[in-house]
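Working notes, structure below.
Residue numbers (my numbering): 874 to 1148.
Laid out in structure tokens, this is it:
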């Protein structure tokens, strides 16, 4: 048996999240497992680095599976993409050691949340960005984001349905960039709670709109009460863009997505990094 890691890109707008569900609704995991099983000529079970919710996208999701099929890495990529729908794509495949685990070996995850800040809603990309018609003060959002960097109890920023054992997580980076009418929140941490990024985005957009001062982000954090955190931001602007692994596991590192935001990869933006 060979363990194979693959990177996957998908448009989450047409899916009920990553994980296969008993109800039979359309999920990313189900589509990928069906395609890879056809290439392998045997059932394939996938483990992913981070389960995404309904409507959430990914450009750098990493998964692994085991197979005894004799296939080249190119064949895994091209074969899977032949059988996948247009809104899912395998980007690369690589044989990895048997102790590699897409979820448990991951030591960091990076998300981007894209806001279209304009008076009129977009007709194109309407399910790839979150529209906010109020003029947003990016400097105030940057100031607020600094309160969230570091190790904290993020109870106020997680869904009441979150099943994680501990609400304590570490954010190592929170940068905010403006590119024309687009505002991009880029956050990196060791792990994330259910709806955590969307809840942080909701708080920061309220601050950017002038409804609260920047310190409100800290007050929400210290309350440790989800009811203090305001509205959960929509899923459509959220992208899982990168997964990090320890040095022994050398995986391909393409530019961060989505593709139309690659100019940000060389930009510093404003925000904070953990000391």
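Glycine included, C-beta positions come from ideal geometry on N, C-alpha and C.
Per DSSP, reduced to three states, the secondary structure at residue 1092 is helical. Going by DSSP, residue 1037 is part of no alpha helix (DSSP H) at all; its letter is neither H nor E. Here the alpha carbons of residue 1048 and residue 1059 stand approximately 5 Å from one another. Nearest Cα to residue 880 within the set 994, 967 and 944: 967. Per the coordinates, the alpha-carbon of residue 962 lies some 9 Å from the alpha-carbon of residue 955. With contact defined as three or more Cβ pairs closer than 8 Å, the region 1011-1024 and the region 1068-1079 are in contact.
Between the region 1088-1097 and the region 1106-1123, the count of Cβ pairs shorter than 8 Å is below three; the stretches do not touch. Beta-bridge analysis with DSSP links residue 1020 to no other residue.
Comparing alpha-carbon positions, the option among 1026, 1033, 1010 and 1088 lying closest to residue 1056 turns out to be 1010.
By alpha-carbon distance to residue 977, the top candidate from 1073, 1064 and 1101 is 1064.
In this structure, residue 932 sits away from residue 1117, with a CB-CB distance that is not shorter than 8 Å.
For residue 949, no beta strand (DSSP E) run applies; the uninterrupted alpha helix (DSSP H) run containing it begins and ends at 946-956, by DSSP. Close CB contacts of residue 874 within its chain, under the 6 Å cut and outside five residues either way in sequence, are with 939 and 941 (chain order).
Counting of Cβ neighbours within 10 angstroms places residue 1107 among the buried residues, the total reaching 16 or more. Around the C-beta of residue 1132, fewer than 16 other C-beta atoms lie within 10 Å, and the residue is accordingly described as exposed. Under the three-state reduction of DSSP, residue 907 is assigned to helix. Around the CB of residue 884, 16 or more other CB atoms lie within 10 Å, so the residue is classed as buried. Taking all protein chains shown into account, residue 900 has 16 or more neighbouring C-beta atoms within 10 Å of its C-beta and is therefore buried.
With a beta-carbon spacing of about 22 Å, residue 1066 and residue 1087 fall beyond the 8 Å limit used to define contacts. For residue 990, the three-state secondary structure derived from DSSP is strand. Among the bridge pairs identified by DSSP, residue 967 is matched with 878.
Straight-line spacing of the CA atoms in residue 907 and residue 953 works out to 9 Å. Sequence-distant partners of residue 998 (beyond 5 residues in either direction) whose C-beta falls short of 8 Å from its own C-beta, in its chain, are 989. The Cβ atoms of residue 973 and residue 1082 lie no closer than 8 Å to each other. For the set 946, 1103 and 993, the Cα lying nearest the Cα of residue 913 is the one of 946. Non-local beta-carbon contacts of residue 1046 in its own chain, meaning distances under 6 Å to residues more than five positions away in sequence, involve 1061 and 1146 in chain order.
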